[in-house]
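Novice:
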Amino acid sequence: GENVEQHPSTLSVQEGDSAVIKCTYSDSASNYFPWYKQELGKRPQLIIDIRSNVGEKKDQRIAVTLNKTAKHFSLHITETQPEDSAVYFCAASRGAQKLVFGQGTRLTINP
Amino acid sequence: GAGVSQSPSNKVTEKGKDVELRCDPISGHTALYWYRQSLGQGLEFLIYFQGNSAPDKSGLPSDRFSAERTGGSVSTLTIQRTQQEDSAVYLCASSFRTTYNEQFFGPGTRLTVL
Numbered sequence: 008g009e010n011v012e013q014h015p016s017t018l019s020v021q022e023g024d025s026a027v028i029k030c031t032y033s034d035s036a037s038n039y040f041p042w043y044k045q046e047l048g049k050r051p052q053l054i055i056d057i058r059s060n061v062g063e064k065k066d067q068r069i070a071v072t073l074n075k076t077a078k079h080f081s082l083h084i085t086e087t088q089p090e091d092s093a094v095y096f097c098a099a100s101r102g103a104q105k106l107v108f109g110q111g112t113r114l115t116i117n118p
Numbered sequence: 622g623a624g625v626s627q628s629p630s631n632k633v634t635e636k637g638k639d640v641e642l643r644c645d646p647i648s649g650h651t652a653l654y655w656y657r658q659s660l661g662q663g664l665e666f667l668i669y670f671q672g673n674s675a676p677d678k679s680g681l682p683s684d685r686f687s688a689e690r691t692g693g694s695v696s697t698l699t700i701q702r703t704q705q706e707d708s709a710v711y712l713c714a715s716s717f718r719t720t721y722n723e724q725f726f727g728p729g730t731r732l733t734v735l
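Going down the list, the protein sequences come from chains A and B.
For any residue, its number in the working numbering is found by taking its place in the first sequence, counting from 1, and adding 7.
For any residue, its number in the working numbering is found by taking its place in the second sequence, counting from 1, and adding 621.
(1) What residues are listed by DSSP as bridge partners for B/Gln704?
(2) Below 8 Å on C-beta distance, what does A/Val107 contact in chain B?
(3) In the DSSP assignment, what residue or residues form a beta bridge with B/Ser687?
(4) Under a CB-based cut-off of 9 Å, is B/Tyr711 close to chain A?
(5) Can you tell me the Cβ-Cβ gap for B/Phe680 and B/Phe666, rounded? I've got them flagged as a contact below 8 Å.
(6) Touch check for the region 82–98 of chain A and the region 641–658 of chain B: three-plus C-beta pairs under 8 Å?
(7) Measuring only from the beta carbon, is A/Leu114 closer than 8 Å to any heavy atom that is part of the ligand HEM?
(8) Across which residues does DSSP place A/Glu86 in a beta bridge pair?
(9) Taking 9 Å as the threshold (C-beta atoms), are B/Phe726 and A/Arg58 in contact?
(10) Who are the Cβ neighbours of B/Ser687 in its own chain at under 7 Å, not counting the five residues just before and after it?
(11) Tell me the DSSP secondary structure of B/Asp645 in three-state form.
(12) Using the three-state DSSP reduction, which class does A/Asp34 fall into: helix, strand or coil?
(13) Would you say B/Phe725 reaches chain A, if we count a Cβ-Cβ gap shorter than 9 Å as a contact?
(14) Can you tell me which of A/Arg101, A/Thr72 and A/Leu106 puts its alpha carbon nearest to the alpha carbon of A/Ile28?
(15) Quick check on B/Lys638: buried or exposed, where buried means 16 or more other Cβ atoms within 10 Å of its Cβ?
(16) CB A/Tyr39 to CB A/Arg101, shorter than 9 Å?
(17) Does any CB atom of chain A fall closer than 9 Å to the CB of B/Pro646?
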């Protein structure tokens, strides 16, 4: 079955700097890769996703890149702000099947 | 429109008791998923319903766990003879698309087994 590895487990950056979180997956048939942000005590919120037919997608300060050959994808947050502090989860799925999640990255933005 | 809702938000029970957790998906969403999140951990898949197809139960940790989805809408996750290791947040998600899997999560039910 699918296995998703996520790194780093914790990340601390200065406000205004960029943050990068990386994930690898094992199932070459996976075709959908979302990223979720989870604030303390809250539900996971979808912040961006990418499909296997696209190499990069950007939404304001957030971007995701996908390398299908290497089976890895990354989340990039630029000009970080204190409200970006949260736990971020990557995931992978094949079609409409279950999401397999990475273990999460706790991102802290230092003012 | 309304998002995914779950009830109760918190449930405290004694070891050995049965519990039922409810999920109301977004109207019109054909797929419904249950996940479990232990304290400080990632999300663990439990079960998935898609339309009228047989559910994917591959993530259920033991036969004490079961789930049903009535009328293609509301779902109930039942845990029988609860154990302390069942303590976690149980999250439900629903999805409309059948090709690409944009899942929207409910607020979760925090289960504590004493």
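Glycine included, each C-beta is placed from N, C-alpha and C at the ideal position.
The model shown is predicted, which means the values in this text are computed figures rather than measured ones.
Specialist: Concretely, from the data shown:
(1) As a first step, residue 704 of chain B is located in the second sequence; it is residue number 83 there, counting from the start. B/Gln704 pairs with nothing; no bridge assigned.
(2) As a first step, residue 107 of chain A must be located in the first sequence, where it is residue number 100. The contacting residues are Phe666.
(3) Residue 687 of chain B sits at position 66 when you count from the first residue of the second sequence. According to the DSSP secondary-structure assignment, B/Ser687 is paired through a beta bridge with B/Thr699.
(4) If you number the second sequence from 1, residue 711 of chain B lands on position 90. False, the Cβ-Cβ gap to chain A never drops below 9 Å.
(5) What you label residue 680 of chain B is simply residue 59 of the second sequence in a count that begins at 1. What you label residue 666 of chain B is simply residue 45 of the second sequence in a count that begins at 1. Reading the sequence as shown, one finds Gly at residue 680 of chain B and not Phe. The Cβ separation is near 4 Å, so the contact holds.
(6) no
(7) This structure does not include the ligand HEM; it has no bound ligands of any sort.
(8) Working through the first sequence from its first residue, we reach residue 86 of chain A at position 79. DSSP output for A/Glu86 lists no bridge partner at all.
(9) Within the first sequence, residue 58 of chain A is the residue found at index 51, counting from 1. Within the second sequence, residue 726 of chain B is the residue found at index 105, counting from 1. Cβ distance not < 9 Å, so A/Arg58 and B/Phe726 don't count as in contact.
(10) Taking the second sequence and counting its residues from 1, the one referred to as residue 687 of chain B is at position 66. Hits under 7 Å: Thr699.
(11) On the second sequence, position 24 is the one that residue 645 of chain B refers to. B/Asp645: strand per DSSP, three-state reduction.
(12) Translated into positions along the first sequence, residue 34 of chain A becomes position 27. DSSP places A/Asp34 in coil when its eight states are reduced to three.
(13) The sequence position of residue 725 of chain B within the second sequence is 104, counting from 1. Yes, B/Phe725 counts as interfacial toward chain A.
(14) Against the first sequence, residue 28 of chain A aligns to sequence position 21. Taking only the C-alpha atoms, the option nearest A/Ile28 is A/Thr72.
(15) Locating residue 638 of chain B in the second sequence gives position 17, counting from the first residue. B/Lys638 comes out exposed.
(16) Translated into positions along the first sequence, residue 39 of chain A becomes position 32. Translated into positions along the first sequence, residue 101 of chain A becomes position 94. Cβ atoms of A/Tyr39 and A/Arg101: closer than 9 Å.
(17) Position 25 of the second sequence, counted from the start, is the residue given in the question as residue 646 of chain B. No, no contact with chain A.
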